[in-house]
């Protein structure tokens with residue numbers, strides 16, 4: 001089995017189960033609304049951290065999962081629940097949630113893009129000051145704002161609502177253990193220098209997206225700082241002077257998004273040489289997005305020579321020849337340097353080939369969706385035009401990016417397109433069940449979050465790469481609800497409509513009856529009839545029209561409730577109109593009659609088919625040569641069930657029962673007994689019930705012919721079914737019946 005095919009860990013399964021069933025496991029409901037922990041529960045941080053982190057993940061990526069107002073209060077008392085390392089994201093977290101866990105001794109707290117947090121949470125942070133080692137406030141763009149209420153007078157407040165004021169006096173005073181700090185995308189106006197001054201021994205600092213003219217204060221950590229990220233900071237000569245003094249640096253990232261804004265700074269040979277000379281411990285450097293002011297490469301003749309090497313001595317980038325050893329990572333995404341032959345690094349992010357592109361997606365997904373979406377776009381081209389050699393890695397990375405940036409349109413569009421190519425049949429064998437399920441989950445998330453045409457089309461197309469219904473069974477309700485909601489939108493894209501109807505049809509083909517009933521209750525029958533109505537009004541008989549009838553045929557199979565719905569929503573009227581409007585469309589006739597065959601199998605509904613108009617239409621279709629014998633066969637099947645109710649049920653004068661019976665015999669005798677069939681039986685029960693009766697010999701004959709044809713042409717499939725459903729004794733008994741016709745007995 002593949003690595004990713006191993007089941008989820010027991011820890012993960014238990015965590016997931018408890019979170020989805022908090023009331024039945026860890027908690028009870030107080031006054032029907034507040035969650036409370038059972039008094040006898042004591043959980044260590046290994047479990048509590050997972051509960052909180054998984055909870056955030058579930059709220060973010062599982063649309064069915066309902067967040068709880070009072071979830072964080074479960075962790076308010078360290079005597080029963082301990083938290084140490086938690087990662088919170090986006091809108092899920094509000095000030096009162098952090099407030100609820102303020103007594104915990106947190107060691108690591110990541111708050112990523114938590115835009116709802118305000119300066120109230122800065123105060124809460126102080127309660128973790130004595131224990132925190134790692135803190136990220138990346139993208140928490142309101143955490144330094146507090147509400148100022150001018151005047152405090154009622155009337156005045158209405159005219160002049162709360163103003164947002166920047167907090168100026170907060171610093172990291174007292175955070176004596178803090179070593180790792182991410183302030184990426186901090187709001188303008190905060191004085192970074194005074195904020196950080198109290199920190200004694202910073203090891204890692206991320207100032208992504210912050211503009212600082214003077215970074216001289218960084219030298220106070222020159223003996224401790226091992227990682228510095230200045231993504232999208234506009235640099236100058238002064239910045240470079242400061243960086244070269246940080247002699248302990250192992251990781252330096254001065255990359256930028258070359259599309260985001262104008263940068264004066266250009267990289268030179270000298271700057272790279274300074275880094276190599278002064279930062280002896282450097283093992284990771286990112287200069288993605290930079291323009292090189294001068295040529296840093298060795299002559300091209302020399303560059304093309306020899307085997308590709310990561311040895312610094314052979315480096316195509318001249319300044320890197322001074323490195324003591326190859327870098328672990330070198331970021332060259334969207335620079336010309338990534339296309340060179342000899343790059344002295346084990347891992348390179350760039351746009352030259354699949355490996356570089358995957359490295360870029362991996363490195364930038366978490367905090368740089370703007371870069372990631374362009375990298376995924378490159379992967380899309382590789383998957384579409386060439387063959388992906390690292391398929392599992394590519395899939396995992398795209399899934400992670402789609403989950404992480406559920407609301408980022410660019411990532412959803414490029415990611416869903418890449419998934420389509422990464423899941424198609426040529427890659428099928430390399431994918432585990434678990435991985436394919438993850439793909440389905442993110443595709444459905446995308447369809448729920450985005451009413452946007454491109455995303456919906458990509459998602460629907462990707463679902464077509466799966467075996468339906470088997471692979472979608474675990475999300476059966478959800479897929480159907482989504483597709484029906486797409487088909488019920490008033491304005492519709494033709495191609496999406498076609499794919500969605502095709503998927504709906506596949507989903508109700510060959511599934512259990514309880515599934516069909518459930519889908520029927522979601523409004524499936526009504527939706528299909530509406531589509532048919534629209535197509536009829538446009539006088540077009542296309543794939544959508546044919547698929548819609550086919551889907552109705554499938555969903556009514558041995559499902560009386562759905563048959564009844566079809567009749568109640570004037571399905572018969574549409575049937576007649578389609579027949580009249582499209583007399584030549586054989587496929588269509590076959591699908592419509594297959595469906596009416598299902599309706600005719602339901603005894604309580606047959607009286608509704610007993611009108612002169614319908615019987616006339618069915619009798620005429622007995623002579624149809626459409627689709628081989630299928631249309632004639634299905635028309636005869638419908639009439640066989642009606643005849644089975646006896647002469648007293650024949651409530652019309654014209655056409656007469658005997659006349660129709662005669663036409664049925666003639667039709668059956670005209671069919672070739674060895675016909676290959678365009679039909680699929682899951683059960684013979686509706687046919688077998690026509691055997692033990694003497695009231696309509698022609699129905700008996702149709703049933704016997706049907707069985708004879710199927711078991712002789714497709715014996716492997718249908719002989720076992722006939723035996724299993726008790727057909728043999730029924731046939732033997734019929735041979736002894738006086739009322740049965742001689743030719744029927746011979747066939748039996």
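In the UniProt record's numbering, the protein residues as written are 1 to 748.
Built from N, CA and C at the ideal position, the CB exists for glycine as well.
Computed from a prediction, not measured in an experiment: that's the story for all the values here.
For residue 473 and residue 443, the rounded distance between their alpha carbons: 15 Å
Burial state of residue 28, where buried means 16 or more other Cβ atoms lie within 10 Å: exposed
So the beta strand (DSSP E) residue 86 belongs to, where does it begin and stop? 85–89
Collapsed DSSP secondary structure at residue 524 in the structure displayed: helix
Less than 8 Å between the C-beta atoms of residue 420 and residue 483, yes or no? no
Tell me which same chain residues have a C-beta within less than 6 Å of the C-beta of residue 310, skipping the five on either side of it? The residues are 326, 344.
Counting C-beta neighbours from all protein chains within 10 Å, is the total for residue 151 16 or more, i.e. buried, or is it exposed? With a pLDDT of 49 at residue 151, under the threshold of 50, the modelled position of this residue cannot be trusted; read the value that follows with caution. The residue is exposed, with fewer than 16 neighbouring Cβ atoms inside 10 Å.
Sequence-distant residues of the same chain with beta carbon closer than 7 Å to residue 528, five excluded per side: 548, 551, 552
Would residue 634 pass as a contact of residue 594 if the rule is Cβ separation under 8 Å? yes
Below 8 Å between beta carbons: does that hold for residue 178 and residue 143? Between residue 178 and residue 143, the CB-CB gap reaches or exceeds 8 Å.
For residue 354, the nearest candidate out of 365, 390, 338, 145 (CA to CA): 390
Starting from residue 34, trace the beta strand (DSSP E) both ways and give me its first and last residue. For residue 34, the enclosing beta strand (DSSP E) has its first and last residue at 34–37.
Just to confirm my understanding: we take residue 101, look at its own chain, exclude 5 residues before and 5 after, and list those with CB closer than 7 Å. What are they? Only 72, 75, 76, 83 meet the Cβ criterion.
Quick one: what does DSSP say residue 145 is sitting in, helix, strand or coil? Residue 145: strand per DSSP, three-state reduction.
Nearest to residue 18 by alpha carbon, out of 51, 40, 501? 51
Assuming residue 380 and residue 418 are in contact, meaning their beta carbons sit under 8 Å apart, how far apart are those beta carbons, in whole angstroms? 4 Å
Can you grab the Cα-Cα spacing for the pair residue 397 / residue 365, in whole Å? 8 Å
Among 60, 542, 174, which one has its Cα closest to the Cα of residue 123? 174
Whose C-alpha, out of 361, 368, 303, is nearest the C-alpha of residue 339? 303
Would you grab the beta carbon distance between residue 207 and residue 229 for me? Rounded to a whole angstrom, and I think it's under 8 Å. 7 Å
Look at the alpha carbon of residue 2 and the alpha carbon of residue 698, and state the distance between them as a whole number of angstroms. For residue 2, the predicted structure reports a pLDDT of 46, less than 50, and the residue's modelled location is therefore unreliable. A value from the coordinates is still provided. Straight-line Cα distance between these residues: approximately 57 Å.
Own chain partners of residue 671 with C-beta closer than 6 Å, once the 5 adjacent residues on each side are dropped: 629
Would you call the segment 527–546 and the segment 507–515 in contact, with 3 or more CB pairs under 8 Å? Output reads no: the segment 507–515 does not touch the segment 527–546.
For residue 110, which three-state DSSP category applies? strand
Would residue 292 pass as a contact of residue 267 if the rule is Cβ separation under 8 Å? yes
Can you name the start and end residues of the alpha helix (DSSP H) that residue 633 belongs to? 630–643
Any chance the segment 699–707 sits against the segment 613–627, with 3 or more Cβ pairs inside 8 Å? no
Starting from residue 562, follow the beta strand (DSSP E) in both directions and report where the run begins and ends. Segment 560–568 is the alpha helix (DSSP H) holding residue 562; no beta strand (DSSP E) there.
Mind checking which residues open and close the alpha helix (DSSP H) that includes residue 255? Note, residue 255: premise wrong, no alpha helix (DSSP H); not H, not E.
Taking the alpha carbon of residue 411 as the point to measure from, which residue in 435, 382, 387, 450 has its own alpha carbon closest? 450
Give me the residue from 261, 715, 258, 297 with the minimum Cα distance to residue 273. 297
Among the residues of its own chain, which have a CB less than 8 Å from the CB of residue 191, if the five just before and after it don't count? 168
With DSSP as the reference, label residue 446 as helix, strand or coil. helix
Assuming residue 649 and residue 610 are in contact, meaning their beta carbons sit under 8 Å apart, how far apart are those beta carbons, in whole angstroms? 7 Å
Which of helix, strand or coil does DSSP assign to residue 364? helix
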